[in-house]
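Here this note's numbering runs 651 ahead of the position in the sequence shown, where the first position is 1.
Encoded as C-alpha cells, the structure appears first; notes follow it.
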Amino acid sequence: MITTEASRALAEWSLDGDERGCGVWPLDGRPSPSPRNAEPVPEVIALGSTGYWRLTTEGQLADSEDVLVDRVCRGAPLLGLALTGHGDEECVGVGRHWIGSEAAQLPGTTHSPAGIRAAVVFLNTCGTLRLGDAASPRGGLLVERLSRSGAAVIGAFRNTSVLPDLPARFADDLLDGRSLGAMTVRLNRRMNEAGREPPSFMLLGDPTHCWSWKARRPIAVEPLDDDAATVGLAERLGWLLDLDDTLRRWGLRETLRESRNRLSEAAALMFPLADAALRSALPASARATVLAEVGAVASAHEATMLRALAEEVQQGRWIQTRYAPVSRRRWRHDESCRRCGARVVHYMFEPWGNGSHVVWCKECDRCGTIGDGVGEPVAASSIQAAWNGTALRVSVPALQDGEVGLVVVHRASTITPRAWPREGGELAISTAELPMRGRVTIAGLRLGRCRLCLEYTNVFVQDSVPSEVR
Ligand SMILES: [Zn+2]
C-alpha cells in the first residue's frame, strides 16, 4: 500500500509540469477497472459545507440536501460526486448524513458507499486517501469501498482545510473532459495558489481517463475572495493588540482597559474573517457591516492610546520613565543631528521578557531628545516650533496614510491637545496659554500602521518680545 510519504512525493512532483498527472492505480494489483459507468449521466452533484447543487449540461441547479442525498444514495448513475465536510478514513459527514462505515455508529443517518454509482468521487475532507498509513483496518476504508464498486476517487492523503471553490472546479474540469490525473494536479495547484496547503490530493484510479460533454453551460466558479480590506484590517488589529500589550507593560493598563476589551471582542470577530474560506460563508452585506464596526473600534482604540500617551507628556513625565524601567538599555552612536549637526545617540530599550515591543529613543547632544517610539524610528524630528513674541507656531508635516496624531506641550496639562492636521500645516499656541516660560518642549505624537512615534522640539519663550520681531 502506498505510504503518505510516497503520495506526497508524487503530488509534489506532479505540480511541476503541465503534462503531469497525479494518481495511483487501485488496490491489490487488480487490473485497472474500467469505471463502472462507462457512459454515466453527465451530471455532477456536490454535497456538504460548500453547498448542495448539481451541475448538468443545462447548467447548475440547486436542490435541497435531502433530495440530492437521496439521489446519490439510491444509485443514480452520475458522472461525479463531491463530498465536503468533516471526515476521516472511514466516512464523510455531509449535513445530517454520513457516508461510510455503518459500524462506526455515528449520530444521524449513515449511508453505505456501496449504493453510490458515481464514476468519480471527490472526497473534499481530511485524510481519506491515507492508504498505507491508515489507522483503520483494511477493508473498512471509504476509498477502498468506493474503489471496489468501480469509482475513481480523489481524496486527501493528509489533513487539509476546505476551500469553498474546489467542488465547483472539480465539476467543471470533469465535464470539460480533463484527465483525472490532471484534475487532481489542478486541485493541488489551487490549494497552493491560495497559500493554504502543501499538495494534499491524490487520485486512486486511472489518471489518464476522461469524459467530455461539449454542449453544456459552464459553472460560475466564485473567485476566491482575496479581500485586501479584510486582511488589512486584521493586520491592523494584530498590531494594535501588540501595541496595547506594550503600553500596558508601561503601566497604562487602567487607562486602556475598557477600550482594550472592545478591541479584543472586535478581534475575535475579525480574525476568522481573514480566512477566505470562512469569509465566503458570510454574505457581502454582513461582511461590510462587520468591517465598518470593527474599523470604528480600531480607530477608537488608537485615539484612546494617543490620548493616554499625550496625557503622560502633558503631566510632565517623559514617556521614557514608563518604558525604561521595564527594559534593558543598549545604545550606539547614530548619524549626526539633522537639525543642529551635533552627535545623536540611538538607544534601544529591549523589554524584559516577551509580549512587548522594543522601543527606540534618539537623543541629540545639543537638542536633547529628538524622539522615541515603536517601529521605524525617525531620522530627525519632523515637527518644528518658533516663538514670535505672542505665540508658538508649530509646523507639522502631512501624516502618512492611516496615521493619526496629536500635538501637545510638555508639562502643560492646561493646554488642550491639538489634532495633528492630516495634510500637515501650522498650529498656533498663544503665549498667554502657556503656564511656563523658558525652554518649552512641544511633542508630536503619531500612530499609524506598525509605528508609534513621539517627536520633540524645543523653543525658548520669555515675557518680553524679542527685539528682532518687534
Ligand atoms: Zn540636534
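Virtual Cβ for every residue (Gly too), placed ideally from N, Cα, C.
For Q756, the number of other beta carbons within 10 angstroms of its own is below 16, and it is reported as exposed. C1015 has its CB nearer than 8 Å to a heavy atom of ligand 1. With contact defined as three or more Cβ pairs closer than 8 Å, the region 1011-1025 and the region 955-973 are in contact. The beta strand (DSSP E) runs of length 3 or more contained entirely in the region 731-801 are, from start to end of the chain, 742-745, 748-751, 760-762, 769-775. Counted as a single uninterrupted DSSP element, the alpha helix (DSSP H) harbouring Y974 occupies residues 971-974.
Counting C-beta atoms within 10 angstroms of its own C-beta, D857 has 16 or more neighbours from the protein chains shown and is therefore classed as buried.
In terms of side-chain proximity, the C-beta atom of A947 is found no nearer than 8 Å to any non-hydrogen atom of ligand 1. Excluding sequence positions up to five before and after R1062, its CB lies within less than 7 Å of the CB of G967, M1087, all in the same chain and listed in chain order. Taken from the Cβ of G1099, every heavy atom of ligand 1 lies 8 Å or farther away. In the structure shown, R820 falls within a helical segment according to DSSP collapsed to helix, strand and coil. The shortest CA-to-CA distance from L734 to any of G1004, V836, Y703, T707 is the one to Y703.
Boundaries around G1024 are those of the beta strand (DSSP E), 1019-1025, since no alpha helix (DSSP H) includes it. In this structure, DSSP gives P693 an extended state, which the three-state scheme calls strand.
Secondary structure of V945 (DSSP, three-state): helix. Note that the C-beta distance between T776 and V794 is not below 9 Å. Note on geometry: alpha-carbon atoms of G902 and N1005 lie some 16 Å from one another. A distance criterion of 8 Å places the beta-carbon of A993 in contact range of ligand 1, judged by its closest non-hydrogen atom. Taking C-beta separations shorter than 8 Å and ignoring five residues to either side along the sequence, the partners of S1033 in its chain run V1047, P1048, G1095, E1106, following chain order. In this structure, the CA atom of H748 is about 25 Å from the CA atom of S851. Nearest to A879 by alpha-carbon distance, out of L924, S763, V948, L782, is L924. Here F808 is near S658, since their CB atoms are less than 9 Å apart. Around the beta carbon of N839, a 10 Å sphere encloses 16 or more other beta carbons of the protein chains shown; the residue is thus reported as buried. DSSP places M956 in the helix class (H, G or I) of the three-state scheme. Distance between A1036 and V1110, taken at the CA atoms: about 6 Å.
A residue is called buried once 16 or more other Cβ atoms fall within 10 Å of its Cβ, and P849, having fewer, is exposed. If you check the C-beta of R990 against ligand 1, you find a heavy atom less than 8 Å away. Put simply, the backbone Cα of P728 is about 22 Å away from that of T835. The continuous stretches of beta strand (DSSP E) do not include N1039, and DSSP gives it neither H nor E. Within the same chain, and ignoring the five residues on either side of S1064 in sequence, the residues whose Cβ sits closer than 6 Å to its Cβ are Q965, Q966. Short note on I1093: C-beta not closer than 8 Å to any heavy atom of ligand 1. Collapsing the DSSP output to three states places R1069 in a strand. Remark: the shortest separation between the CB of C1018 and any heavy atom of ligand 1 falls under 8 Å. L831 and A803 do touch by the CB rule: their CB atoms are close to 5 Å apart, below 8 Å.
The DSSP-derived three-state label of R671 is coil. When DSSP states are grouped into helix, strand and coil, G883 belongs to the helix group. When the five nearest sequence neighbours on each side are left out, the beta carbons in the same chain lying within less than 7 Å of the beta carbon of D893 are those of H1008, in order along the chain.
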